[in-house]
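Chemist:
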Amino acid sequence: MNTKKIPTVYEDQDVIEAINHSKSLDPVIRHLYHTNFDSVASYIRSNSGNDEDAEDFFQEAIVVFINIVRKGNFRGDSSIKTFLYSIARNLWRNELKRQNRVLMRETNYYEQTEKEEQDIQESIGENEVKDQLLHLLEKLGDNCKKILLLFYYENLPMKEIFQHMGYETEQVARNMKYRCMNKLKGLLNEHPEMKQNFRSLLANG
Amino acid sequence: MDKSNNMDRSERIDRYVKGNLDSEELQQFRTEMQQDNTLQQEVEDTQITQALLQHQGLKNEIKAVRAAMKAEGSQSTVVEENSNTLSTHEEPSEVDAEENVKAVPMYQWMGRVAAGLAIVLVGYLTIQYATLSPERLYEERIASEPPYLGLSNRSMEDQEDTIADQVRVEYQFGNFEEVLRLYGELEKPTFAETFRAGYAYLEQERTEEAITSFQQVMEDQNAFMIKDKAEYYLALAYLQDGQIEKAVDMLEVIHKDDDHDYEDSLGSLYLWRLRLLKMKY
Chain A
392 MNTKKIPTVY EDQDVIEAIN HSKSLDPVIR HLYHTNFDSV ASYIRSNSGN
442 DEDAEDFFQE AIVVFINIVR KGNFRGDSSI KTFLYSIARN LWRNELKRQN
492 RVLMRETNYY EQTEKEEQDI QESIGENEVK DQLLHLLEKL GDNCKKILLL
542 FYYENLPMKE IFQHMGYETE QVARNMKYRC MNKLKGLLNE HPEMKQNFRS
592 LLANG
Chain B
4 MDKSNNMDRS ERIDRYVKGN LDSEELQQFR TEMQQDNTLQ QEVEDTQITQ
54 ALLQHQGLKN EIKAVRAAMK AEGSQSTVVE ENSNTLSTHE EPSEVDAEEN
104 VKAVPMYQWM GRVAAGLAIV LVGYLTIQYA TLSPERLYEE RIASEPPYLG
154 LSNRSMEDQE DTIADQVRVE YQFGNFEEVL RLYGELEKPT FAETFRAGYA
204 YLEQERTEEA ITSFQQVMED QNAFMIKDKA EYYLALAYLQ DGQIEKAVDM
254 LEVIHKDDDH DYEDSLGSLY LWRLRLLKMK Y
């Protein structure tokens, strides 16, 4: 049986709408992959990258894109395809710079507006600051990470979380979440500089 | 301020950060924030941690969708290949299509369909048989449900003065290495700590120690409340250890026992694969 989901046809405006309002991002992410991955992967491969780089950097590009949309900074001056490509290109250029390597083939795909360029660079910077702190989540332990993600990312209520996690009562889940949150805050306090960077991002965002 | 008040305060901050306060509560909260620097700081910390978790959550979601797309892609490739093969051998050409439809009686078509299904079934069984291993069946089971956590009536608010308390907390956090380290420091572990250690050993793939731990729990008369759970995990530990006959026999007994806690957790297909595994080894 072919279980492959048929990608929904989206106009750019539908994508923005779904990112801002839909509970599940699954169809949008699929759409972005179906319509953009090949061109981005081709660019990365033709500039010293491999398949794994293409996967990693396209994923990062989607994260950056979704954050820009959610901040209301995607103005539609260019199509999503062009915009996403620009994000991936910027991400990959930054990576090559980090590795002291140069671009092999740079196509003048689209002339970004100054504002677009600025938004993309800012969002990439924000992404990097967040990435630097992600390792703290690994120190929490699996259950802590899971309960916090269910609460703060999935936005599930505690009465669902306690069942999901296999706790006996909702109160146990609430206690656990409270402790895990304190633990995470404690870990953040061990990195005051990074925390300050993050705080500045939120203040400016 | 006691812990319960702290928790209420923290949950109120959550509701503020998530935008779940009504207008009156919101106004009140903002007024309090203006007067209380600590509250302001706590809100900021919660916003930072929330943003960090949302970042991680988004990455996880994208990664999961991509993995699903790849899995579906490889599945559909196999299906397409199969259907291509069939069309090469069985589909009539355009020229003689009409003639063939008339020429082939219904029973022959049914025969062909049955033969096709038989081939698919044989193929499925062959793949199942070839890929079946105790490791695979163990991983499927252990991943299918969360670890049992309700071993204590004590809440997380209780003191963590004793090593036993710390074992309980670390187990609930999922820090299994730490559970085992602390367990080693206990002079007289109870069945509850031994059960937790057993599960931690399973997670760490220290199978022999896991087996010994669950056996100890089952032999402890005070542990009657979790005997079923220990029995189930003991069976899984045998499976992890490659002691297939023991594992399969135990899981069959569990499945047939209407009063067993895990009676419903093993599906018919899983049991059938267990039996197949027993035949294979």
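Chain order of the listed sequences is A and B. Here the first sequence is numbered in my numbering, starting from 392 and rising by one per residue. Here the second sequence is numbered in my numbering, starting from 4 and rising by one per residue. In this text, a Cβ means the ideal position worked out from N, Cα and C, and glycines have one as well. Here the structure is a predicted model, which is why all the values come from computation and not from measurement.
So, do the segment 528-537 of chain A and the segment 9-23 of chain B have three or more beta carbon pairs nearer to each other than 8 Å?
Modeler: Touching, no.
Chemist: Quick one: does A/Asn534 have its CB under 8 Å from some CB of chain B?
Modeler: Here residue 534 of chain A is taken as the residue at index 143 of the first sequence, counted from 1. So yes, A/Asn534 belongs to the interface.
Chemist: Output, in chain order, the set of chain B residues within a Cβ distance shorter than 7 Å of A/Phe474.
Modeler: On the first sequence, position 83 is the one that residue 474 of chain A refers to. Correct list: empty, because the minimum Cβ distance to chain B is about 17 Å.
Chemist: Short check: CB of B/Gln50 to CB of A/Leu593, under 8 Å?
Modeler: As a working note, residue 50 of chain B is residue 47 in the second sequence. As a working note, residue 593 of chain A is residue 202 in the first sequence. Yes; because the gap between Cβ atoms is below 8 Å, this pair is in contact.
Chemist: Could you tell me whether any non-hydrogen atom of the ligand GDP is closer than 7 Å to the CB of A/Lys462?
Modeler: By its list of ligands, the structure shown contains no ligand whatsoever, and the ligand GDP lies outside what it can speak to.
Chemist: Once the 5 residues before and after A/Ala452 are set aside, which same chain residues still bring their CB inside 7 Å of it?
Modeler: Taking the first residue of the first sequence as position 1, residue 452 of chain A is located at position 61. Result list for A/Ala452: Val431, Leu475, Ile478, Ala479 and Leu482, in chain order.
Chemist: Could you give the uninterrupted runs of the alpha helix (DSSP H) lying entirely in the segment 4-64 of chain B, keeping only those of 4 residues or more?
Modeler: If we require 4 residues or more, the alpha helix (DSSP H) runs fully inside the segment 4-64 of chain B come out as 6-20 and 26-38.
Chemist: I'd like to know if B/Ala54 contacts chain A, where contact means its C-beta is closer than 8 Å to some C-beta of that chain.
Modeler: Locating residue 54 of chain B in the second sequence gives position 51, counting from the first residue. At least one chain A Cβ lies under 8 Å of B/Ala54.
Chemist: Keeping to the same chain, check which residues put their C-beta closer than 7 Å to that of A/Leu541; ignore five residues upstream and five downstream.
Modeler: Stepping through the first sequence from its first residue, residue 541 of chain A is reached at position 150. Around A/Leu541: Leu547, Ile552 and His555.
Chemist: Output yes if chain A places a C-beta closer than 8 Å to the C-beta of B/Ile166; else output no.
Modeler: On the second sequence, residue 166 of chain B is found 163 positions in, with the first residue counted as 1. No, no contact with chain A.
Chemist: Taking the C-alpha atoms as reference points, what is the distance between B/Leu205 and B/Glu138?
Modeler: Residue mapping note: residue 205 of chain B aligns to position 202 of the second sequence, counting from 1. Residue mapping note: residue 138 of chain B aligns to position 135 of the second sequence, counting from 1. For B/Leu205 and B/Glu138, the distance between alpha carbons rounds to 12 Å.
Chemist: Give a yes or no on whether 8 Å exceeds the smallest Cβ distance from B/Arg69 to chain A.
Modeler: As a working note, residue 69 of chain B is residue 66 in the second sequence. So yes, B/Arg69 belongs to the interface.
Chemist: Whole angstroms are fine: how far does the CA of B/Leu42 sit from the CA of B/Met10?
Modeler: Reading the second sequence from its first residue, position 7 is the one you call residue 10 of chain B. Reading the second sequence from its first residue, position 39 is the one you call residue 42 of chain B. Approximately 13 Å, taken between the alpha carbons.
Chemist: Whether or not the segment 511-518 of chain A and the segment 23-38 of chain B are in contact is what I'm after, with contact meaning three or more pairs of Cβ atoms, one per stretch, closer than 8 Å; do they touch?
Modeler: Too few Cβ pairs lie closer than 8 Å, so no.
Chemist: Alpha carbon to alpha carbon, how far is A/Gly557 from A/Val563? Give it in angstroms, no decimals.
Modeler: As a first step, residue 563 of chain A is located in the first sequence; it is residue number 172 there, counting from the start. As a first step, residue 557 of chain A is located in the first sequence; it is residue number 166 there, counting from the start. Their Cα atoms are separated by approximately 10 Å.
Chemist: Identify which residue in A/Glu561, A/Leu524, A/Ile459 and A/Tyr544 has its Cα closest to the Cα of A/Lys506.
Modeler: Sequence index remark: in the first sequence, residue 506 of chain A carries index 115 (1-based). Of the listed residues, the one whose Cα sits closest to A/Lys506 is A/Ile459.
Chemist: Under 9 Å between beta-carbons, which chain B residues line up against A/Lys414? List them in chain order, please.
Modeler: What you label residue 414 of chain A is simply residue 23 of the first sequence in a count that begins at 1. Chain B residues near A/Lys414: none, gap ~11 Å exceeds 9 Å.
Chemist: Quick check on A/Phe449: buried or exposed, where buried means 16 or more other Cβ atoms within 10 Å of its Cβ?
Modeler: The sequence position of residue 449 of chain A within the first sequence is 58, counting from 1. Classification of A/Phe449: buried, given that the 10 Å Cβ count is 16 or more.
Chemist: Against chain A, with Cβ distances strictly below 8 Å, would B/Leu183 count as a contact?
Modeler: Within the second sequence, residue 183 of chain B is the residue found at index 180, counting from 1. Not an interface residue.
Chemist: Just to make sure I have the definition right: I need the residues of chain A whose C-beta is within less than 7 Å of the C-beta of B/Ser136. Which are they?
Modeler: In the second sequence, residue 136 of chain B corresponds to position 133, counting from 1. Result: empty, since nearest Cβ-Cβ is about 25 Å, beyond 7 Å.
Chemist: Quick one: which unbroken alpha helix (DSSP H) runs of 4-plus residues sit fully inside the segment 454-524 of chain A? Chain order, please.
Modeler: Counting only runs of 4 or more, we get 471-489.
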